[in-house]
Amino acid sequence: MTEAVRAVLEEVARDAPEVLDELVTAEWAQRYGRPVRLCSQPGHPAARQEQVGNDARELLQRLDARFPGGAPAQAKVLRTILVQHVLVDAKGRFRPRTMRDGRPPSRIQIESPYETEARWTRRGDTRWTGYLAHVTETCDDKRINVITDVATAVSSADSQALPGIHARLRRLRLLPDRHLVDGGYTSVAGLDAAARLHRVTLIGPLPPSTTPQHHPAAPPRSTTPQHRANDGFGRENFIIGFDQREVTCPNGQVSANWQDLPVAEPTKVAVRFDARQCGRCPERAKCTPGPFRSLYFPTHRLHELQTKNRADQQDADWRRLYGRHSGAEGTIEEVADGHRGHRCRYRGLAKTHVQHVPTALAINVERLSLQEPDDGSYRPRPQDSRQSPPQ
Ligand code: SF4
């Protein structure tokens, strides 16, 4: 927030300096006169927040009075950051917005007033504010592998990048028959869409089954607290009758309804066992913390695809094929470290993409320049001739 106030002051000092008369004092200059560098545990954070919040409020009130038709651009950004990051309590004091207060999702939350499109992102243990680069390359054993697509995106699920990647590769007639992707890009709906729309077989691990994990080292994945505690009913404990459009629970109750979601192009089914059925159930503690149990699962076609994919993952050939995907990690290193891809030279999503494309081209040129002609005619120029041209 301090940076956002500073950005407004810079803009107003340039375009309408009279607004700052009798407002900006020596203390303001101390607070906002240079780039903010906070350590991980700044002193007096609550007092600092309170002070900056009051400054921001006063500044915005002045700007509203001076520009009744619409505040300057940075003032709008400051207002958005205030709404997204802080709350005003009953006594008019500013305090940081917590998860309990309902923070906006990271895909819409502004992190910097100077780079409003950048978003906070997390992949595994790595966290950053900025953009994502999705790189696609060939993986032929006998040829030099080249990058065929690079996509730049803001914080979002990796799987959301796939439709765009496939559409661009299709336009360039570069669509592969099989596309190896890591687990972040796979979803059963994505597998189905790639096969139906582009005839591309996605090869990648689907998330594991939500069956209770009986091995103590296995990571629990489930949708209910009981299931996460490894002592409850997961989806696999229910018998799904796709033809009858009904589900039978472990207590022998048959689901009360069956709903395809979304209605236009269903990808999953929702069923519910109502409070009348669950109220008398002796197993309820193992099944649901509430008065009823809901269950979500893929539609019949997607369910079969999911089952097949999980079975394929156990196959040695599938694992060997998927093993080729490990080369992608080297390419990511090449982009991020070899070509400083983790630092943007420009601001904004569009310009960041302008950086990513030549980076991918440079990598391709580097790789192809190492390839020797098949006929053995390659003769590297002697070192001497580079220094002094022949007479
Ligand atoms: S709580 Fe409801 S859904 Fe769960 S086993 Fe009992 S009757 Fe079936």
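Numbering (this note's numbering), first residue to last: 689 to 1079.
We put the beta carbon where it would ideally sit given N, CA and C, even for glycine.
Taking a cut-off of 8 Å for Cβ pairs, the stretch 928-943 and the stretch 961-968 touch, as three or more such pairs fall below it. Looking at 920, 1001, 847, the one whose alpha-carbon comes closest to that of residue 973 is 920. Using a 10 angstroms sphere on the CB of residue 749, the tally of other CB atoms stays under 16, which defines it as exposed. Scanning its chain for C-beta atoms nearer than 6 Å, with the 5 sequence neighbours on each side dropped, one finds around residue 824 the residues 836, 837, 853, in chain order.
Not one heavy atom of the ligand SF4 is found less than 8 Å from the C-beta of residue 934. For the stretch 1015-1063, there is no continuous beta strand (DSSP E) assignment of 3+ residues that stays within its boundaries. Annotated as proximal: residue 1055 and residue 834, with beta-carbon spacing under 9 Å. Ranked by how close their Cα comes to the Cα of residue 981, the residues 765, 863, 709, 944 have 944 in first place. If you ignore the 5 residues before and after residue 844, its C-beta comes within less than 8 Å of the C-beta of 795, 820, all in its own chain and listed in chain order. In the assembly as shown, residue 885 is an exposed residue. Its beta-carbon has fewer than 16 other beta-carbons within 10 Å.
The ligand SF4 has no heavy atom closer than 8 Å to the beta-carbon of residue 782. Counting only residues of its own chain and dropping the five nearest sequence neighbours on each side, residue 883 has a CB closer than 7 Å to the CB of 889.
Taking 9 Å as the cut-off, the beta carbon of residue 755 is found closer than this to the beta carbon of residue 704.
One Cα belongs to residue 1000, the other to residue 893, and the distance between them is close to 9 Å. Residue 799 carries a coil assignment under DSSP once its states are collapsed to helix, strand and coil. Residue 945 has its CB no nearer than 8 Å to any heavy atom of the ligand SF4. Within the same chain, Cβ atoms closer than 8 Å to the Cβ of residue 1036 are found at 803, 805, the five residues on either side in sequence being excluded. The Cβ atoms of residue 792 and residue 766 do not sit closer than 9 Å to each other. Relative to residue 873, the option among 891, 861, 862 whose CA is nearest is 891.
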